[in-house]
Amino acid sequence: MSRIGKQPVVIPAGVEVKLEGNLLKFKKGNLAKELDIKANVNVEIKDNHIIFSPKGEDRQSRAYWGTYRALTQNIVLGITEGFSKTLEINGVGYKATLKGKVLELSLGFSHPINYAIPEGIEIAVDKNNVIVKGSDKQVVGQVAAQIREFRPPEPYKGKGVKYIDERIIRKAGKTSKK
């Protein structure tokens, strides 16, 4: 029994949900999202709730049950509140600036790194913090991971790009022999 799958997804006010064949369509204002359930689970829309149930009793059906419920919850949260991740830039001379739809990062290389911001993502720069916002949880996480990948934090001085809540385990440097 899936603990996640058996919980209904609450549809907030202002969000329209339609079930057309195997497509769940969500709409709020000018934001529209779709989820293809590929006939792996049964979906019912009742009284501002989306209820999922497995197609069969096999392992694969139960796995899809929780997965599609979680994906639906993320879409509903994304179009109502949105998702965000905050990255922190540490290091002397390390900085980020926003130039239109391009994030320019100076991370100690001989050249600046220009990162083109994907469609549907907003990036804000506040001193040494880069805030990535969007309505799709997967895309927000992917963009934050790509920015972090340019200069991951190193364990000796802690320089680099890290998530704001990430803890870097520091190492001791070289010791002299006497």
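Residue numbers for the sequence shown, in the numbering used here: -14 to 163. Where is the CB? At the ideal position from N, CA and C, for every residue including glycine. Computed from a predicted structure; not experimentally measured.
With H, G and I counted as helix, E and B as strand and the rest as coil, what does DSSP make of Ser161?
DSSP places Ser161 in the coil class of the three-state scheme, outside both helix and strand.
Alpha-carbon to alpha-carbon, Gly78 and Ser95:
Between the alpha carbons of Ser95 and Gly78 lies a distance of about 12 Å.
Counting only runs that start and end within the segment 53 to 121, where is the beta strand (DSSP E) found for 3 or more residues in a row?
Runs of the beta strand (DSSP E) lying entirely within the segment 53 to 121, each at least 3 residues long, are 68 to 75, 80 to 84, 87 to 91, 98 to 101, 106 to 111, 114 to 119 in chain order.
Compare the Cα-Cα distances from Asp21 to each of Gln(-8), Pro137, Glu5 and report the closest residue.
For the set Gln(-8), Pro137, Glu5, the Cα lying nearest the Cα of Asp21 is the one of Glu5.
Would you mind reading off the limits of the beta strand (DSSP E) that contains Glu164?
Since the displayed the chain opens at -14 and closes at 163, residue 164 lies outside it and no answer follows.
Taking one C-beta from the segment 37 to 53 and one from the segment 79 to 91 each time, how about it: are there three or more such pairs within less than 8 Å?
No, the segment 37 to 53 is not in contact with the segment 79 to 91.
Going by DSSP, what residue range makes up the beta strand (DSSP E) through Glu5?
Where Glu5 is concerned, the enclosing beta strand (DSSP E) stretches over 1 to 5.
If we count the other Cβ atoms within 10 Å of its Cβ and call it buried at 16 or more, is Thr57 buried or exposed?
Buried, since its Cβ has 16 or more Cβ neighbours within 10 Å.
Check this for me: beta carbons of Val125 and Ser91, under 8 Å apart or not?
Going by C-beta atoms, Val125 is not nearer than 8 Å to Ser91.
Name the DSSP beta bridge partners of Asp21, please?
Residue pairing from DSSP places Asp21 in a beta bridge opposite Leu8.
Continuous beta strand (DSSP E) assignments of at least 3 residues falling wholly in the segment 128 to 162:
Those beta strand (DSSP E) runs which fall completely within the segment 128 to 162 and span 3+ residues are 145 to 148.
Can you tell me where the beta strand (DSSP E) holding Ile30 begins and where it ends?
Bounds of the beta strand (DSSP E) holding Ile30 are 26 to 31.
Kindly examine the ligand ADP and report whether one of its heavy atoms sits closer than 7 Å to the Cβ of Asn75.
Ligands displayed in this structure: none; no statement on the ligand ADP is therefore possible.
Could you tell me if Asp121 is buried or exposed, where buried requires 16 or more neighbouring beta carbons within 10 angstroms of its beta carbon?
By the 10 Å Cβ count, Asp121 comes out buried.
My assumption, with CB atoms under 8 Å, is that Lys10 sits in contact with Thr65. Please give the rounded CB distance.
That pair is no contact at about 16 Å.
Rounding to the nearest angstrom, what Cα-Cα distance links Glu42 and Ile30 in this structure?
Roughly 22 Å separates the two Cα atoms.
DSSP bridge partner residues for Val(-6) (one or two, in chain order):
Val(-6) is bridged to Ile35.
Any idea if Leu88 is buried or exposed, counting beta-carbon neighbours within 10 angstroms, 16 or more meaning buried?
So Leu88 ends up on the buried side.
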